[in-house]
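Peer 1:
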Amino acid sequence: MKVLILAAGRSQRAKPIEDKNFLSFCGKTLIERQLEELSKAGFKDFLVVGGAHNKEHLTKLLRPFKAKIFEQKNLNEGMAGAVLAVEKAVKNDDLFIVSGNDVVDQKAYELMKKAAKETGDSFLLAYKVKGYFPGGYLKIKGNRINGICEKPEKGKEPSTFINLVLHVHKNPKELFEALKKVSTARDDRYECALDKLMKIRIFKPVKYEGFWQPVKYPWHVLDLQKHYLNTLKRKISPTAQIAKTAIIKGEVVIADGAKIFDHAVVQGPAYIGKNVVIGNNALVRESIIGDNSVVGFGSEIARSFIGEDCWFHTNYVGDSILGENCSFGAGAVCANLRLDEKEIACGGVPSGRNKLGPILGNNIRIGVQTSIMPGIKIGSNTQITSGLTIAEDISEGKFVYGETNLKIKENKAILDKKTREKMKGKL
Amino acid sequence: MKVLILAAGRSQRAKPIEDKNFLSFCGKTLIERQLEELSKAGFKDFLVVGGAHNKEHLTKLLRPFKAKIFEQKNLNEGMAGAVLAVEKAVKNDDLFIVSGNDVVDQKAYELMKKAAKETGDSFLLAYKVKGYFPGGYLKIKGNRINGICEKPEKGKEPSTFINLVLHVHKNPKELFEALKKVSTARDDRYECALDKLMKIRIFKPVKYEGFWQPVKYPWHVLDLQKHYLNTLKRKISPTAQIAKTAIIKGEVVIADGAKIFDHAVVQGPAYIGKNVVIGNNALVRESIIGDNSVVGFGSEIARSFIGEDCWFHTNYVGDSILGENCSFGAGAVCANLRLDEKEIACGGVPSGRNKLGPILGNNIRIGVQTSIMPGIKIGSNTQITSGLTIAEDISEGKFVYGETNLKIKENKAILDKKTREKMKGKL
Amino acid sequence: MKVLILAAGRSQRAKPIEDKNFLSFCGKTLIERQLEELSKAGFKDFLVVGGAHNKEHLTKLLRPFKAKIFEQKNLNEGMAGAVLAVEKAVKNDDLFIVSGNDVVDQKAYELMKKAAKETGDSFLLAYKVKGYFPGGYLKIKGNRINGICEKPEKGKEPSTFINLVLHVHKNPKELFEALKKVSTARDDRYECALDKLMKIRIFKPVKYEGFWQPVKYPWHVLDLQKHYLNTLKRKISPTAQIAKTAIIKGEVVIADGAKIFDHAVVQGPAYIGKNVVIGNNALVRESIIGDNSVVGFGSEIARSFIGEDCWFHTNYVGDSILGENCSFGAGAVCANLRLDEKEIACGGVPSGRNKLGPILGNNIRIGVQTSIMPGIKIGSNTQITSGLTIAEDISEGKFVYGETNLKIKENKAILDKKTREKMKGKL
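Residue numbers (the working numbering), protein chains in the order written: chain V, 61 to 487; chain D, 61 to 487; chain H, 61 to 487.
Structure below.
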C-alpha cells in the first residue's frame, strides 16, 4: 500500500504560521512525526506531495523515511490536484491518502490498515464526535457510507461520525479518473469524485474515537503542543549546562548545548531545544523553545510555542505562538487574557479559549515595552517599534510605529543629591 | 456596661475603599480586631450599628463575640443616628460608644473602664497631641470638660487634648433625649447634644498618650498595616508549601494552603493569606497579601495592602492599597513616588507621604503595561486597558481606554537569520 | 621634568557627560588613574590645569599626588590657554604635556621618558593606526616630524602615525613664546605654534602601538570601562554583605558596605561600588555601579557605566552611560539595539556600535514604564514622566511629558468574583 501524504497546502487560515508541516514539536517537525507514526503502524511506501515553496525542504527532511516527494504545480487545485500529482507513481497499489495536518493516534493508522484487508473499495476514517462539529458528516447505512454532508445545520447531522482525511482507495486509478471528470474550478473536487464513486463502489467507515487534533487555526498549535508535551519523559543532554541554582521540575527535555543560568526555572512539561539559553531568573513552563533561542533575564514563557532563533529579554509571553527569528525588546508583552476574561477571537474566528496570546510569523522585531493583545496576528518580516499597544492584526512585511508627541518645558524642580537626602530625612 | 460600636459609616473620604470595617489585616478584619481588643480589656456586651449594606456581613463575622447587630436606617443621620439606633437595647446600663475606625491600644479601653467607675456623668478619651491636629479639641478646666472646639485655628487650641470617639455615658437615656432635641439636619448633632449636656453634667477627660491611628483617608490603611505588621510573630502553617530555594526572612506569617515558589522572597514583616501563591522570583516585603491572591512570576509587592483574590504578573506595586478581586496584566505598575519626590496628594488632600501608590476599590482589571500614578484612586468595577498612564482619579464602574493611532508602512529592512548573523559578526 | 595634565576642557562632544575627569572607573576617577599611571612610570611633578568649574574638586582629589592645580581662566582658549596657564610654574624644566582624556599604557609614558633623554627638542607620541582615522597625522621624514596634517582625505595620509597629546618639550619657554604669537582667535593655536617650531627645532616621533583609548564621544566611556574591567581581580570587601543565594561569578570587585541580596547575580567582570545595594533577583554583568547606587529588584544592568547615587527598580539598562543621581521608575527601559540591528548614531555621529543604550547626565528622573531609545542623550537636571518613548535627544534642565488622552465610558462587563470563577470553570 502506498501512502500519499498531503503537504502542499498553504493555509490562509493558519496564517501567519508559515508552513505547518515544519512546525517543530519537541525537536521533530510535524511532517516527520506524521511519517514516524505511520512507519510505526507498518507503512513504508510514502509519497509526499508538496509545492514549489517547500519541496526542497521536504526532500531533505524526509530522506530518512525514503519518502518520494512530488510537486503539486497548481496549488489552487487543492486536494484533488495533490492526489493527481502522484498518479504516475501509483500503479495497482492500494492508495492511503493521509492529511498532513490531522494528528491521530497510531491506532487510527492501524485501524485503516486492518480495514483495508476486508472487502470493500474505499475506507474512510469515521471520527465519532461528541458534540456538533462544523465539518463533513458521513451518511452511514449499515456498514456503508452513502455520502458526505458538508457542515449540516446543527441538529440535522446525518450521523455522529465526521470524515477525516485518512482514506484508503483500493482502486486508485478509478479515483484518478473520477477526479479528472470534475471541473477544476470546484474547490470540493475530491469530495465530488468520492460522491460519484460512492454510488457505484462500496465505501466503508472505519470508526475511531481516539485522539484527533487538526492544525487548521493557529491556536490548534497550542493544543497539539500540549499533546506532544504530555508524552515527554525527562531527559537532559550531557552537553547541556545547567547552573546549580537552576530548577528543572517535572518532565523536561533539554537538548544538546542548551544552557540554563542561575535562578532560572523550567517547569515541565517543557522542551528546551539545542543551544537554547535560559537566562538568569527566567521562567519557562509548559512550552517548547526552538533551537538557538534565548530566553533572557527575567522573562517568562508560559504555555507557548517558540520557534528557532527567537530572542527575549524581560518579556512575558503567554499562550502565544511564535515562528522563527522573532526578537522582543525588554519589557515587551504578549497578552493572553482579555480584561473581561471572555473568549478570545483570532482573525475574527472565536478560538474557544479564554487564554490565547498573539500569533507571530517569522523574522519579526518587537520594540521595547510594546504589548501585543490576545489573539492578534503579526505577519512575517515585520518590525514594530517601541512603546506601542498592538490591538489589530498586522499583515506581512510591515513597519509599524506610533506618533511621538513629546511636550517639553523647563524643569523647575531641584533634583540634586542634597535635596533628595533632605526629602528622605523628613518630607 | 454596654459597648456601642459605630460601624455604619460609608465614608466618602476613604473611597474607593468600600467598607473599612472589613479591611482584613493579617487575617482578621478591622471590626473583629476592634472587638477583640475590647474583649481583652474586659468588655462583653457589644451593640454594633451597621447599615443595610453591611448588616448581614457584620452579623456573620461578629457571631463569635455574641455581638448584637443593629441597623441604622438613615445613614445621613451620622453618629447621632447610630446612637439612637440602639436606644431600645440600652436600659440603665452605662453606654460606651466606640468608633469602629479609630484604633487605639487596649490600654485606652482599660483607662475608660477604670475612669467610668469614678464620679462623673460622662467620660471622653482625651488624646494628647504633639503638634497641631485639625480635629475637635477639648476645653478642659481642672478635671472637667467644658466644651469641644472643632478645628480651632492653629495657635488657638484650647488644650493639647483632642476628642476621640471613646465616650462613656453613665446616663444614656439623657443622651438619647438630648440627641432627639437637636435638628436632624445638623451633621454635628451628637456634638451639639454633648455640648448641652456638658453644661449640666460632669464630663471628665480620660487622658491618653498611647497609640492612635484613625482610618479616615485611604493612606491611613498603610499606617495601620504597619502597626499590625509590627506585632507579627513568625508562623508558617504546616499546610503551606514552601519551595526549598524560597527565602522567608523575618517576622512572616504564612497561612494555610499558601504556596511559595522557587526563588521567591518574602521579607518580613509580612502576612501571606490562605491559599495565596507567591510565584517564582517574586518578592513580597512589608505587605499583607489577602487570601487566594496570586503574586505571579517576577512581581514585587512592597509596603502594600492587597485584598483577597487579587492577581499579579510581573508587576511592581509599591505603597498601594487594593481591594478585592483586582487583576494586573503583565508589566503594569503602581507608581509610588513623584519624580520630584515631593509630598503626594490623594483626591486633592495632601497625604503627608512622599511614598504612596494608587488606591483601588474592588473588582478591577488593569491591562498589561498600564501605569497608575502615585495617590490616584480607581473606583470599583472598573476596567482599564493596556499601555496607558493613569494620572487622574477614575470613578466607579468605568471602562478606560486610549487612542490607538498606529502608523503602518512597508518594512524595508531585511530581517532574516542570515542578515542577523552577518551583523553580529562584524558591523 | 614637569608633567602638565590638561583637565580643563568641557567637551561638547562628550555631553551630556558632565566632566570626563571625574568619571569613576572601578572606584577611581579617570584623572586619578592618569596620574597614577604617570607616577608608576616615574613622573612626580604634576601641574594640572583645570577650570573654575572643577578646580576645587581637582585640588581635593589630587592631593595624594601633590599635584599643583592651575586654573585656566578662559576656557575658549583651548589647549594653548591651558599650556600658558602654567607658564610661571615652569622654569628651565622639560615639560611633558599629557591629555587627560587619552588613556594609554604606562609603557607609552615610559617611552616618552626614555625618548626625552635623547637628542632633539620636542617629542610627540606617534600612534600607529591600523586603518584610517579622522585625526592629525604626523608627517615623518627619517626620525623627524616635519608637520601635522589634520584629518587628511582617506588615502592621502602622510604616514600611518597619528599625533596623540603626549608631548615633551625640552624648551617650554620657546613654546610659550610661540603660543603667544598665534592669534587667540584660532582654535588650533597650539598646533600652529608647533608647526612653526618644527621648522627651526628637532621634533621626534615616539612610536607606539599599544593600548589607546580616547574619551571623546560618550560611547568611548564604554570602551574604556571594558579596558578597566578586564584588569579587575576578584576582591570582596569584608564589610560587604552577600546573601547566601546570591551568585558572584568571575572577576568581581565588591566595595565596602555593599549589599547583595538573595537570588541576585553579579557576573564579572564587574565593579560594585561602596554601599551599593543589588536587590533581590537583580542581575549586573560587565558593568560598573557607582557608590551608593541601588539596583533594585528584578533589574538588569548589562555592560553599562552607572554613576554614583543612581536608583533602579525592575529596569533594563544595556550598554548605557549614566551620570550621578539618576533614578528610574519601575519598568523603565534603556534600549540598546535598533530593531534592524544596524549601527547606532549618537548626536548624529555614527558610533560604530550596534549595541548602545542612552547617555544620561546627572540629576535625572525617569518615570515608570518610560523607554529611552538607543544612543539618545538626556541632559542633566531633567525629569521625564511616565509611559513615554524617548526617541530624540533632550537637552539640559527639561521637564518632558506626553499627552494624556484617556477615553472613559461606562463599564458593562461584570467583573465580580463569581463571574470570574464561572469563567475559569468552563467557557
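The C-beta atom is built at its ideal place from N, Cα and C for all residues, glycine as well.
Could you check the C-alpha separation between Ala245/H and Cys252/H for me, to the nearest Å?
Peer 2: Ala245/H and Cys252/H: Cα-Cα distance of roughly 12 angstroms.
Peer 1: Whole angstroms are fine: how far does the CA of Leu185/D sit from the CA of Glu97/D?
Peer 2: Rounded to the nearest angstrom, the two C-alpha atoms are 16 angstroms apart.
Peer 1: Specify the secondary structure class of Ala362/H as computed by DSSP and reduced to three states.
Peer 2: The answer is strand: DSSP assigns Ala362/H an E or B state.
Peer 1: Name the residues in the segment 360 to 372 of chain H whose C-beta lies less than 7 angstroms from a C-beta of chain V; which are they?
Peer 2: Cβ contacts with chain V come from Glu360, Asp369.
Peer 1: Starting from Cys386/H, follow the beta strand (DSSP E) in both directions and report where the run begins and ends.
Peer 2: Per DSSP, Cys386/H belongs to the beta strand (DSSP E) from 386 to 388.
Peer 1: Let me check one thing: in DSSP terms, what residues is Lys458/H bridge-paired to?
Peer 2: Bridge partners of Lys458/H: Glu470/V.
Peer 1: Between Gly421/D, Ala68/D, Glu456/D, Thr430/D, which has its C-alpha nearest Glu78/D's C-alpha?
Peer 2: If we check each option's Cα against that of Glu78/D, Gly421/D comes out closest.
Peer 1: What does Thr445/D touch in chain V if you count any residue whose Cβ is under 7 angstroms from its own?
Peer 2: The contacting residues are Leu399.
Peer 1: Please list, in chain order, the chain D residues whose beta carbon lies closer than 7 angstroms to that of Asp322/H.
Peer 2: Per Cβ cutoff of 7 angstroms: Ile307, Val325.
Peer 1: Go through its chain and collect everything with a Cβ distance to Asp105/V's Cβ below 8 angstroms, but skip five positions before and after it.
Peer 2: Result list for Asp105/V: Met61, Lys62, Val63, Asp153, in chain order.
Peer 1: What residues in the segment 452 to 463 of chain D have a beta carbon less than 8 angstroms from any beta carbon of chain H?
Peer 2: Taking 8 angstroms as the Cβ-Cβ cut-off against chain H, the residues of the segment 452 to 463 of chain D that qualify are Glu452, Ile454, Gly457, Lys458, Phe459, Val460, Tyr461, Gly462, Glu463.
Peer 1: Taking the alpha carbon of Lys188/H as the reference point, which residue from Ile222/H, Ser84/H, Ile208/H has its own alpha carbon closest?
Peer 2: Taking only the C-alpha atoms, the option nearest Lys188/H is Ile222/H.
Peer 1: Output, in chain order, the set of chain H residues within a Cβ distance shorter than 7 angstroms of Ser431/D.
Peer 2: Simply Val428, Gln429, Ser446, Gly447.
Peer 1: So what does DSSP say about Asp351/H, is it helix, strand or coil?
Peer 2: Correct three-state label for Asp351/H: coil.
Peer 1: Considering Ile332/D, what are the terminal residues of the beta strand (DSSP E) in which it resides?
Peer 2: Its beta strand (DSSP E) spans residues 330 to 332.
Peer 1: Tell whether a beta-carbon distance below 8 angstroms holds between Ser446/H and Val460/H.
Peer 2: Not in contact: Ser446/H and Val460/H (Cβ atoms no closer than 8 angstroms).
Peer 1: Based on the DSSP output, what are the partners of Ile438/D in its beta bridges?
Peer 2: Partner(s): Leu420/D, Ile454/D.
Peer 1: Pick helix, strand or coil for Pro265/D, following the three-state DSSP scheme.
Peer 2: Here Pro265/D sits in strand by DSSP.
Peer 1: Helix or strand or just coil, what does DSSP make of Arg294/D?
Peer 2: Reduced to three states, the DSSP call for Arg294/D is coil.
Peer 1: With a cut-off of 8 angstroms, does the C-beta of Gln72/V fall near any C-beta of chain D?
Peer 2: Not an interface residue.
Peer 1: Note down, in chain order, every chain V residue with its Cβ under 7 angstroms from the Cβ of Thr442/H.
Peer 2: Those are Asn471, listed as they occur along chain V.
Peer 1: Taking the straight line between their C-alpha atoms, what separation do you get for Lys484/V and Asn414/D?
Peer 2: Taking the straight line joining both Cα atoms gives about 8 angstroms.
Peer 1: Would a check of beta-carbon distances place Met61/V closer than 8 angstroms to chain D?
Peer 2: It does not; no Cβ of chain D falls within 8 angstroms.
Peer 1: Could you tell me whether the segment 194 to 209 of chain D touches the segment 130 to 146 of chain D, where touching means 3 or more Cβ pairs closer than 8 angstroms?
Peer 2: These segments do not touch.
Peer 1: Measure the C-alpha to C-alpha separation of Lys148/D and Ile65/D and round it to an integer number of angstroms.
Peer 2: About 15 angstroms.
Peer 1: Mapping the DSSP letters down to three states, classify Asp247/H as helix, strand or coil.
Peer 2: Correct three-state label for Asp247/H: coil.
Peer 1: Against chain D, with Cβ distances strictly below 8 angstroms, would Phe193/H count as a contact?
Peer 2: So, not an interface residue.
Peer 1: Could you name the residues of the segment 405 to 426 of chain V whose beta carbon sits closer than 7 angstroms to any beta carbon of chain H, in the order they occur along the chain?
Peer 2: The residues in question are Asn414, Arg425.
Peer 1: Please list the residues of the segment 378 to 390 of chain H that have a C-beta atom closer than 9 angstroms to any C-beta atom in chain D, keeping them in chain order.
Peer 2: Listed in sequence order: Ser387, Gly389, Ala390.
Peer 1: Going by DSSP, what residue range makes up the alpha helix (DSSP H) through Val143/D?
Peer 2: Here the alpha helix (DSSP H) through Val143/D covers 138 to 145.
Peer 1: Buried or exposed, going by whether 16 or more other CB atoms sit within 10 Å of the CB of Ala543/H?
Peer 2: Because chain H spans 61 through 487 in this model, residue 543/H falls outside it and cannot be assessed.
Peer 1: Check whether the Cβ atoms of Lys367/D and Glu384/D lie closer than 8 angstroms to each other.
Peer 2: In the sequence on display, residue 367/D carries Gly and not Lys. In contact: Gly367/D and Glu384/D (Cβ atoms closer than 8 angstroms).
Peer 1: Under the three-state reduction of DSSP, which class applies to Pro274/V: helix, strand or coil?
Peer 2: Pro274/V falls in the strand class under three-state DSSP.
Peer 1: Is Gly412/H buried or exposed, if buried means 16 or more other CB atoms sit within 10 Å of its CB?
Peer 2: Under this definition Gly412/H is an exposed residue.
Peer 1: Per DSSP, what kind of secondary structure is Gly485/V in: helix, strand or coil?
Peer 2: If DSSP states are grouped into helix, strand and coil, Gly485/V belongs with the helices.
Peer 1: At the level of alpha carbons, what is the spacing between His373/H and Lys467/D?
Peer 2: Rounded to whole angstroms, His373/H to Lys467/D spans 31 angstroms at the Cα level.
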